[in-house]
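Working notes, structure below.
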Amino acid sequence: MANLFEPVQLGAIHAPNRVLMAPLTRARATRDHVPTPIMADYYRQRASAGLIISEGIGVSRQGLGWPYAAGLWSAEQVEGWKPVTAAVHEAGGRIFAQLWHMGRLVHSSMTGEQPISSSPVTAPGHAHSYDGNKPYEQPRALGIEEIPALVQTYVTAARNAIEAGFDGVQIHGANGYLIDEFLRDGVNRREDAYGGPPENRVRLLREITQAVADAIGADRTAVRLSLNGDSQGTDDSDPASLSLAVAQALDPIGLAFLELRELRSDGTRGASDVPRQSPLIRQHYRGPLVLNSDYDAARAQADLDSGLAQAISFGRPFISNPDLPERLSTGAPLNPLRQETLYTQGAEGYVDYPALEKVA
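Per our numbering: the sequence shown = residues 3 to 362.
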């Protein structure tokens, strides 16, 4: 049985502990989606994580609809990320770039074009923009002839990530964004090779993942999924069948790890009574499995003890506790999170959370 604070090999990454930092949108880049110097401070402070998975990073202007989020499609963005990754490495850490296309959750005021999805199904709720919240728009269905170019945006972003100094990438296939909109039949109404049975709906995920793995190495490529319950209006009628198809599609690629965000019935940021899919995926996916959502140290250790997971990713606790692995290992109290500063553009609530005082 593995201890939460013992090392683990995740593909090419030797992580010194199994407390990973989950991807967290923080909106501290410029309006042109270029990283800013304060982002280097933020990630440096959290370098004691076994591995940092960065905030979602746009693979293209088409796919990035969150104000002040960063991208990885331009030379200027690559240069902006270099001080961030250097800061993490100088502090002894490791960092993956999460590659993000928001699909139908993008508003045209952010990109200048109609959003895309698997099918023309409008999301519930509202989109973020520089002019405030706006109702989601009806997306257009991505043409099958457009898919190779879409795949290439992920490949280009992955190569840019390596050039920028990231240790690898994670493909964002969760939370109701583009890949998730292809995976789950609540949104995917297609009748071509990318729609219908689960084996077809996983095709885009498999093609993107294989192409990225071929470009930068499977051992530096990871995937994030959320398969049990509604996420921003995206859901599936038969999550077990989909989970089986996903596991069988990804297992042969040899990923660094697969991360699952799994909602719980008592979840604090989204809840679901749909059973966790990790036990089923564990039966068919042989690589490292990382689990996420509402974990504390005891719950994390229990899933390691059972063999279900090889590591656990923590999200919001890492925002307010830059030294989270030390706090979990010593039982020290956690700093409370200031919700109102999650997506502001300043230092407050970003780099001013205190670490534990060191005893001389």
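Virtual Cβ for every residue (Gly too), placed ideally from N, Cα, C.
{"Item": "Which residue spans inside the segment 308–347 form an unbroken beta strand (DSSP E) run of at least 3?", "Value": "313–316"}
{"Item": "Can you look up M23 in the DSSP assignment and give me helix, strand or coil?", "Value": "strand"}
{"Item": "Once you ignore the five residues that flank R266 on each side, which residues in its own chain have a CB closer than 6 Å to its CB?", "Value": "D296"}
{"Item": "Can you pull the DSSP bridge partners for R263?", "Value": "N294"}
{"Item": "Checking the sheet assignment: what are the DSSP bridge partners for V171?", "Value": "A99, T223"}
{"Item": "Would you check if the segment 216–228 and the segment 186–205 touch, i.e. whether three or more CB-CB distances between them fall below 8 Å?", "Value": "no"}
{"Item": "Could you check if A362 is buried or exposed, using at least 16 other CB atoms within 10 Å of its CB as the buried criterion?", "Value": "Annotation note: pLDDT 49 at A362 (below 50); position unreliable, coordinate value reported separately. Answer is exposed; the Cβ neighbour count stays below 16."}
{"Item": "So which of V36, H35, I54 has the shortest CA-CA distance to Y44?", "Value": "I54"}
{"Item": "With distances taken Cα to Cα, identify the nearest neighbour of A247 among L282, S274, D275, T270.", "Value": "L282"}
{"Item": "Are D224 and Q172 closer than 7 Å when you measure CB to CB?", "Value": "Checking the sequence, you will find Ala at residue 224 rather than Asp. Taking 7 Å as the Cβ cut-off, A224 and Q172 qualify as a contacting pair."}
{"Item": "Using C-beta distances below 6 Å, list every residue in its chain close to S62, excluding the 5 sequence neighbours before and after it, in chain order.", "Value": "W75, T155"}
{"Item": "Could you spell out the range, first to last residue, of the beta strand (DSSP E) harbouring L53?", "Value": "Run containing L53: none; DSSP gives neither H nor E here."}
{"Item": "Return the first residue and the last residue of the beta strand (DSSP E) that Q11 is part of.", "Value": "10–12"}
{"Item": "Going by other Cβ atoms of all chains shown within 10 Å of its Cβ, with 16 needed for buried, is D238 buried or exposed?", "Value": "buried"}
{"Item": "For T87, count the other beta carbons within 10 Å of its own beta carbon; 16 or more makes it buried, fewer makes it exposed. Which is it?", "Value": "buried"}
{"Item": "Using 8 Å as the threshold, is the segment 85–102 in touch with the segment 59–73, meaning 3 or more CB pairs across them?", "Value": "yes"}
{"Item": "Near A195, which residues of its chain fall below 8 Å by C-beta distance, leaving aside the five closest residues on each side in sequence?", "Value": "I146, N202, R205"}
{"Item": "Let me check understanding here. Comparing Cα to Cα, which of P338, P37, I97 lies closest to G60?", "Value": "P37"}
{"Item": "Examine chain B for any beta-carbon lying closer than 7 Å to the beta-carbon of H130, and answer yes or no.", "Value": "Chain labels in this structure do not include chain B; a single protein chain is all it has."}
{"Item": "Distance check for R191 and I149, CA to CA, integer angstroms please.", "Value": "16 Å"}
{"Item": "CB-CB under 7 Å to V157, same chain, minus the five flanking residues each way: which ones, in chain order?", "Value": "A213, V214, A217"}
{"Item": "A334 to D354, Cα distance in whole Å?", "Value": "18 Å"}
{"Item": "How long is the line joining the alpha carbons of R96 and S131, rounded to whole angstroms?", "Value": "32 Å"}
{"Item": "Based on DSSP bridge pairs, tell me the residues matched to A15.", "Value": "The amino acid occupying residue 15 in the given sequence is Ile; Ala does not appear at that position. BP columns for I15 point to L12."}
{"Item": "Using three-state DSSP, classify H128 as helix, strand or coil.", "Value": "strand"}
{"Item": "To which residues of the same chain is P39 closer than 8 Å at the C-beta, ignoring the five residues directly before and after it?", "Value": "P85"}
{"Item": "DSSP puts A217 in a beta bridge; with which residues?", "Value": "A217 pairs with nothing; no bridge assigned."}
{"Item": "Apart from the five residues just before and just after G317, which ones in its own chain have a Cβ nearer than 6 Å to its Cβ?", "Value": "A24, L26"}
{"Item": "Relative to the C-alpha of L207, which residue among G351, I181, N135 is closest?", "Value": "I181"}
{"Item": "Which of the three DSSP states is assigned to A349 in this structure?", "Value": "coil"}
{"Item": "Which word fits P338, buried or exposed, when buried means at least 16 other C-beta atoms lie within 10 angstroms of its C-beta?", "Value": "exposed"}
{"Item": "Within the continuous alpha helix (DSSP H) that includes M104, where are the two ends?", "Value": "M104 -> no alpha helix (DSSP H), and no H or E assigned at all."}
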